[in-house]
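Undergrad:
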Amino acid sequence: MQDASPDYSLRLRHAGIKVTRIRLAILDLITQRGRHMTADEITAALRSRGVAADRVTVYRNIDRMVQEGLMVAACTPGKAMRVGVCAQPSAGHHHHIVCERCGRVAETQGCPIQDAGETFVRRVQEASGFRLTGHITHYIGLCQECRRGERA
Ligand SMILES: [Zn+2]
Ligand SMILES: [Zn+2]
Ligand SMILES: [Zn+2]
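Count along the sequence shown from 1, then add 49; that gives the number in this note's numbering.
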């Protein structure tokens with residue numbers, strides 16, 4: 050979690066997408082909450098802040114920001130898809146860890162699939178008959194706060 054909101058206008062411009070009120074509102078909201086939220090939770094929270102938002106618009110904007118690496122989408126077993134904000138969108142390819150209990154998100158460095166190298170890719174391709182073009186990966190776990198709660 051961060052203390053101050055980063056300059057999201059700048060991030061949107063760096064990503065080459067338009068700076069709009071709803072995009073800034075979504076990024077600010079999630080930064081303040083410090084955890085992943087579902088599109089429905091985001092829609093409801095924006096409305097309660099007086100931002101005119103419908104589910105479809107929220108989905109569309111989230112989708113675009115996930116594509117551009119500003120936001121992170123994560124599924125945890127048995128729960129709806131949640132999105133968070135990437136704290137280091139310019140850090141290159143990397144993955145995130147999501148708390149399965151509270152939805153808090155943290156950055157991790159590097160990529161185990163890239164580290165696994167050519168042999169791994171070849172093996173996957175040969176076994177599936179597919180040509181590998183990418184992967185969607187995130188780790189799930191229990192954050193420090195939730196682990197403290199568990200011991201108490
Ligand atoms: Zn990130
Ligand atoms: Zn947690
Ligand atoms: Zn990766």
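Ideal placement from N, C-alpha and C gives every residue a C-beta, glycine not left out.
Mind checking whether the beta-carbon of residue 192 lies closer than 6 Å to any heavy atom of ligand 1?
TA: The beta carbon of residue 192 sits no closer than 6 Å to any heavy atom of ligand 1.
Undergrad: To the nearest angstrom, how far is it from the Cα of residue 91 to the Cα of residue 108?
TA: 10 Å
Undergrad: Which whole-angstrom value is the C-beta distance of residue 123 and residue 142, which I expect to be below 8 Å?
TA: Not quite, the Cβ-Cβ distance comes to about 16 Å (not below 8 Å), so this is no contact.
Undergrad: Taking just the CA atoms, how far does residue 195 sit from residue 151?
TA: 7 Å
Undergrad: Do residue 153 and residue 84 have their CB atoms nearer than 7 Å?
TA: yes
Undergrad: Are three or more beta carbon pairs between the segment 100–107 and the segment 155–175 nearer than 8 Å?
TA: no
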